[in-house]
Amino acid sequence: MGVLLEEKGDNRLTLGARCLVGRASHCDLQLVDSCVSGEHATLRWVDDAWRLRDLGSRNGTLVDDHPVSPGEEVGLRKGQVLCFGSRAVRWTLADGSAPVVRARLSGADEVREVDGGLLALPSSKRPECVIYADDRGRWILEHDDDRREVRDQSQIELRDGTWVLEVPQRPDPVETTRAVTTSPRLVSQIRLDFEVSKDGEYVALTLHDDGWTADLSGRAYNEVLLLLARARLDDVEEGDADSADRGWLYAEDLCRM
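Here the sequence shown is numbered in the working numbering, starting from 267 and rising by one per residue.
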């Protein structure tokens, strides 16, 4: 996963498939130095490598102290130093691998990556929280009853320690394009597999659809989904409800079950 590190300071930026660098507020990497142009340069993941293009900036861009011509796009390697507008504005490409959403456990070597659009922590087998991109391009954390927006380098306190998010400023546009061009998943075609512990205290849930799976084990609402699924099966067996009404329960009745 692409990561930029500021040489003077602790700032760290996780790269999406395209990163805009400049002084303007809409830039993914916003640099407030007056030597930096409003839209100074871009970094893109192309053909299995990071590439940098100078956008005709006033004071230029350097890669390992070599100038990049305006409009020129050059390939980058891990460890190279990038200067935007001034040699004082120095960032190192600390990780030159492909962009991916992940989290790392502080003080340990454990890393978790996104799977099926969800990043489950501390693991997909026993998730305490999940992170995903909503339809507005925000990264959302769901943890117990808490639902809030998170950003690159946000810290999440869980039972096993502190997890640090490494996500782009916005979801990877390449991933978004793939999601639009593939066939949508229909709720009516998704199969739900429940696994219930003997004491009924733990309910695991896995979703299946034509080779795709998503593990939602350990979520608080799985018990409610299990009750509704059983109610739907009862209605099907008894045949006393229309297909649209099968499995529906009043909230008061559900709370008493």
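Positions of the beta carbon are idealized from the N, C-alpha and C atoms, including for glycine.
Query raised in the report: Alpha carbon to alpha carbon, how far is E394 from C285?
Result: 31 angstroms
Requested in this report: Can you give me the start and stop residues for the alpha helix (DSSP H) that L499 sits inside?
Outcome: N488 to E504
Query raised in the report: What is the DSSP secondary structure of V446, counted as helix, strand or coil?
Result: Any answer about V446 is weak, because its pLDDT of 43 lies below 50 and its placement is not dependable; what the coordinates show is given next. It is helical.
Query - Limits of the beta strand (DSSP E) - the one that E339 falls within - result: E339 to G341
**Report entry** Whole runs of the beta strand (DSSP E) within the segment 317-385, excluding any shorter than 3 residues
**Finding:** List check, beta strand (DSSP E) in window: 327-329, 332-334, 339-341, 347-350, 356-362, 368-371 and 377-379.
Query raised in the report: Counting along the chain, where does the alpha helix (DSSP H) carrying L520 start and finish?
Result: The continuous alpha helix (DSSP H) containing L520 extends over residues A517 to R522.
Report task. Pull up the distance between the alpha-carbon of A354 and that of H332, whole angstroms please. Result -> 15 angstroms
Report task. Just the C-alpha distance for L499 and D511, rounded to the nearest angstrom, thanks. Result -> Each residue's Cα considered, the two are about 12 angstroms apart.
Query raised in the report: Roughly how many angstroms separate the alpha carbons of I397 and R404, rounded to a whole number?
Result: 10 angstroms
**Report entry** Backbone CA spacing between D465 and D313 [nearest angstrom]
**Finding:** 52 angstroms
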